[in-house]
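Novice: Structure in structure tokens, see below.
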Amino acid sequence: MALKFKNNKDLLKKISQGDQESFKIFYNLEFEKIYRFVSFKINNDSEAEEIVQDIFFKFWDYVRDGNNVNNALALLYKMARNRVVDYYRKHGVRPKILSLDGEQDFQIASDKISDQDIENELDIGFEIQSIEQTIIELPDDYQDVLVMRFIREMEVKEIAEALDKSQGAVRIMIFRALKTLKKLLNKKND
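FYI, the numbering for the sequence shown is 1 to 190, going by full-length UniProt numbering.
What follows is the structure, given as structure tokens:
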């Protein structure tokens with residue numbers, strides 16, 4: 001039986017009533033977004049998957065307990081961010097290398113590709129790797145806003161809800177994070 005929903009509000013209403021099928025649909029819609037955020041932060045796929053599954057189970061309990069959820073995705077990001085902080089505390093380490101694009105940093109699309117195209121792809125791959133390695137040097141808050149805004153393509157309002165900050169504060173954080181990232185990249189390129 002395929003269920004159809006106009007929006008996440010309808011889905012959340014069904015979840016709050018204990019509808020497991022609705023939860024599965026919601027999980028399938030949102031899992032990848034939260035997983036990529038967590039795996040970006042901890043750079044361990046199996047632990048990231050375990051953390052994300054735990055986040056969704058806690059989300060299920062939270063909604064089933066009758067708590068009002070205005071923005072489910074923002075709540076999931078907030079829960080994910082808290083779990084990542086817990087992970088850092090427990091393990092006392094930060095990731096050394098990360099990937100913005102999952103297992104591959106770049107991909108050559110065709111067998112019929114010129115040497116120039118290959119060089120361009122390699123240059124792009126090295127630039128992405130440089131940016132990735134520089135991002136992990138930023139403070140956690142700056143990393144979070146950059147990932148949410150530019151990788152997850154979240155709106156400022158959603159980021160503000162996820163981080164429990166005002167929209168103005170988030171805009172300032174994004175500006176400062178970009179400014180700091182630019183300085184670090186320029187310093188590495190000098």
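Think of the CB as a built atom: it goes at the ideal place given N, C-alpha and C, for glycine as much as any other residue.
(1) Can you tell me whether R89 is buried or exposed? The criterion is at least 16 other CB atoms within 10 Å of its CB, across all chains shown.
(2) Quick one: which unbroken alpha helix (DSSP H) runs of 4-plus residues sit fully inside the region 145–173? Chain order, please.
(3) How would you call D144, buried or exposed, if buried means at least 16 neighbouring beta carbons within 10 angstroms?
(4) According to DSSP, is L184 part of a helix, a strand, or is it coil?
(5) Give the range of the alpha helix (DSSP H) segment to which N28 is assigned.
(6) Here's the rule I'm using: 16 or more other beta-carbon atoms within 10 Å means buried, otherwise exposed. How should F59 be labelled?
(7) Give a yes or no on contact between the region 133–149 and the region 48–63, applying the rule of three or more CB pairs nearer than 8 Å.
(8) Going by DSSP in three states, E50 sits in which element: helix, strand or coil?
(9) Tell me the rounded alpha-carbon separation between I34 and M148.
Specialist: This is what the structure holds:
(1) exposed
(2) 156–163
(3) buried
(4) helix
(5) 20–42
(6) buried
(7) no
(8) DSSP places E50 in helix when its eight states are reduced to three.
(9) Near 10 Å, if we compare the C-alpha coordinates of M148 and I34.
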